[in-house]
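So this note's numbering is basically just the index in the sequence shown, starting at one, shifted up by 888.
Accompanying notes for the structure given below.
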Amino acid sequence: MAPPLSPDRFLTILRAEGLTVIEHGDWRNHNRNHKGPWGPMHGVMIHHTVTRGHDYTVDICRRGYGSLPGPLCHGVICKQGHVHLVGYGRANHAGLGDDDVLRAVIAEQDLPPDNEANTDGNRHFYGFECENLGDGEDPWPPEQLLAIEKVGAALAREHGWTERSVIGHLEWQPGKVDPRGFTMASMRSRIAARLDDNPQQEDDMPLTTEDKAWISGEIRDAIKELVAVEVLTKDGIIDNPNPDTADTNAYISMETSLRNIEIVARRADKTSADVKAKVDSLSVGSVSPDALAEILADKLAARLSS
889 MAPPLSPDRF LTILRAEGLT VIEHGDWRNH NRNHKGPWGP MHGVMIHHTV
939 TRGHDYTVDI CRRGYGSLPG PLCHGVICKQ GHVHLVGYGR ANHAGLGDDD
989 VLRAVIAEQD LPPDNEANTD GNRHFYGFEC ENLGDGEDPW PPEQLLAIEK
1039 VGAALAREHG WTERSVIGHL EWQPGKVDPR GFTMASMRSR IAARLDDNPQ
1089 QEDDMPLTTE DKAWISGEIR DAIKELVAVE VLTKDGIIDN PNPDTADTNA
1139 YISMETSLRN IEIVARRADK TSADVKAKVD SLSVGSVSPD ALAEILADKL
1189 AARLSS
């Protein structure tokens, strides 16, 4: 039994899988939860939209139509392979389906024929609508099929499921044909291979200049945290917070350090700004923290990009 992921975790795992994710409106709170429960989660359901056009498809899946209000899914997978998040929570996508199918999904067994519509699927499945006319002729671009594979693998991996937890609408509700244009058996094979190979790492992009700058900043802050207490202790500005480690680089959080510094500074009739300035000017030997951070960031970036 798996509770639904939090919206933030849902977003995180999709992006970690290498997907381009686009957020629409207040998708985190756009749902049909007032109509019934959502969860526990047992799988992922794939649909086709019977629509043409990226903007129109995303809009109708978010708003719904007529007697079927939105959201009509959690994510829309467009032909470019992007995932558009339009809602989170209970959504009008699965409808009533076969309880035997649900039991097979939970047990991760071969699916029986869907010949009943007696079980609430909106409660138990993440739903993804895929932009396609559903006529068997509208093509499925490789980018879109790869995105479906990644979505299924990301959620299966996070919940500890296998590929058997990813099904099509046609396998759930009698009379449904979606998705039409590829088989769910072939898609499950792709998801299984992805889970076995765990290609999350292969999809990582090389670090950008912005990534390296962020790493440099993090390292710079870490260096200051690690040496600030020791240097300030030696200068008599603060007491050693851990006398047993007087010969090592004592570590406490920067928040705690600055709080202690401010207390002692007031006692010594100094301003906290003066002391913080001293921390910012710390050097390690003849190398400043900023210069050292840049060197370490380049080395770390090279390692992560290899």
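Cβ coordinates follow ideal geometry from the N, Cα and C atoms, glycine included.
**Asked** Between the segment 974-985 and the segment 947-954, do at least 3 Cβ pairs fall closer than 8 Å?
**Response** yes
| task | Taking residue 1015 as the reference, give the member of 964, 1034 and 984 with the closest Cα. | result | Counted from its first residue, the sequence shown places residue 1015 at position 127. Nearest of 964, 1034 and 984 to residue 1015, Cα basis: 964.
Within a Cβ cutoff of 6 Å, which residues of the same chain sit near residue 1004, ignoring the five residues on either side of it in sequence?
On the sequence shown, position 116 is the one that residue 1004 refers to. These residues qualify, in order along the chain: 986.
Ignore the nearest five residues each way along the sequence and tell me which others in residue 890's own chain have a CB closer than 6 Å to its CB.
On the sequence shown, residue 890 is found 2 positions in, with the first residue counted as 1. Once the five neighbours on either side are set aside, the close Cβ partners of residue 890 are 928, 929 and 1047.
Please report the distance separating the alpha-carbon of residue 1130 from that of residue 1040. Counting from 1 along the sequence shown, the entry for residue 1130 is found at position 242. Counting from 1 along the sequence shown, the entry for residue 1040 is found at position 152. Summary for residue 1130: the model assigns pLDDT 49, below 50, so the residue's position carries little reliability; its value from the coordinates is reported in the next sentence. Roughly 50 Å between the two C-alpha positions.
Three-state secondary structure (DSSP) at residue 992?
Your numbering for residue 992 matches position 104 in the sequence shown. Reduced to three states, the DSSP call for residue 992 is helix.
_residue 993 to residue 1054 span [Cα, whole Å]_ = Against the sequence shown, residue 993 aligns to sequence position 105. Against the sequence shown, residue 1054 aligns to sequence position 166. If I take the Cα positions, the gap works out to 8 Å.
_Residues near residue 1045 by beta carbon distance below 7 Å, same chain, minus five either side_ = Position 157 of the sequence shown holds residue 1045. Contacts found: 1083.
Check: Any idea if residue 980 is buried or exposed, counting beta-carbon neighbours within 10 angstroms, 16 or more meaning buried?
Finding: Position 92 of the sequence shown, counting from 1, holds the residue named residue 980. By the 10 Å Cβ count, residue 980 comes out buried.
* Which stretch, first to last residue, makes up the beta strand (DSSP E) that contains residue 936? -> One-based indexing of the sequence shown puts residue 936 at position 48. First-last of the beta strand (DSSP E) with residue 936: 931-936.
(Q) Check this for me: beta carbons of residue 1052 and residue 926, under 8 Å apart or not? (A) Walking along the sequence shown from the start, residue 1052 turns up at place 164. Walking along the sequence shown from the start, residue 926 turns up at place 38. Not a contact, by the Cβ cut-off of 8 Å.
Q.
Between residue 1017 and residue 956, how many whole angstroms is the CB-CB distance? I'm expecting something under 8 Å.
A. For the purposes of this step, residue 1017 is identified with residue 129 of the sequence shown, where counting begins at 1. For the purposes of this step, residue 956 is identified with residue 68 of the sequence shown, where counting begins at 1. Rounded, the Cβ-Cβ distance is 12 Å, inconsistent with contact.
- Task: Kindly list the residues whose CB is nearer than 8 Å to the CB of residue 1061, restricted to its own chain and excluding five residues on each side of it in sequence; keep chain order.
- Result: Numbered from 1 along the sequence shown, position 173 holds the residue referred to as residue 1061. Cβ within range, chain order: 982, 983, 984, 985, 986, 1002, 1005 and 1009.
If residue 935 and residue 1068 are in contact, beta carbons under 8 Å, what's the gap, nearest whole angstrom?
To locate residue 935, count along the sequence shown from 1; it is residue 47. To locate residue 1068, count along the sequence shown from 1; it is residue 180. The Cβ separation is near 10 Å, so there is no contact.
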